[in-house]
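*Asks:*
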Amino acid sequence: MKIRFCEHNKGKGKVYRRLTEEFPDLNIKIKGCVKQCGACRDNPMATVDKKKVTGTDGDQLYERIVELIKSETREA
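Just so we're aligned, residue 5 is where the sequence shown starts under our numbering, counting upward by one.
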């Protein structure tokens with residue numbers, strides 16, 4: 005699973021730190037741009053396996069990403 009954050013997104017810092025601490029085996033990176041400028045400008049967001057995931061705040065974004073991680077581990 006690839007999780008990417010844009011370096012310009014205001015909600016990335018706390019979410020990135022929490023995810024890298026709790027899921028050190030995942031491929032999580034902060035990139036210069038994730039090509040989601042409209043969403044990135046408006047809300048905390050990330051791409052998870054090239055799919056846009058957004059939240060109204062960092063906590064909601066974190067919860068949505070964790071849901072995706074857990075659903076993928078159940079399927080594996």
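By construction, the Cβ of each residue, glycine as well, lies at the ideal position given by its N, Cα and C atoms.
#1: Name the two residues that bound the continuous alpha helix (DSSP H) containing Leu-58.
#2: Can you tell me whether DSSP reads Lys-14 as helix, strand or coil?
#3: Could you tell me how far apart the beta carbons of Val-82 and Ile-69 are, in whole angstroms, since I believe they sit closer than 8 Å?
#4: Once the 5 residues before and after Leu-72 are set aside, which same chain residues still bring their CB inside 6 Å of it?
#5: At what residues does the alpha helix (DSSP H) containing Lys-74 begin and finish?
*Replies:* Taking the definition as stated:
#1: For the purposes of this step, residue 58 is taken as the residue at position 54 of the sequence shown. Note on residue identity: the sequence assigns Thr, not Leu, to residue 58. That residue, Thr-58, is in no alpha helix (DSSP H); its beta strand (DSSP E) goes 55-58.
#2: The residue given as residue 14 occupies position 10 in the sequence shown. Of the three classes helix, strand and coil, the one that applies to Lys-14 here is coil, per DSSP.
#3: Since the displayed the chain opens at 5 and closes at 80, residue 82 lies outside it and no answer follows.
#4: Residue mapping note: residue 72 aligns to position 68 of the sequence shown, counting from 1. Here the set comprises Val-52.
#5: Locating residue 74 in the sequence shown gives position 70, where the first residue counts as 1. Looking at the DSSP string, the run of the alpha helix (DSSP H) that includes Lys-74 is 62-79.
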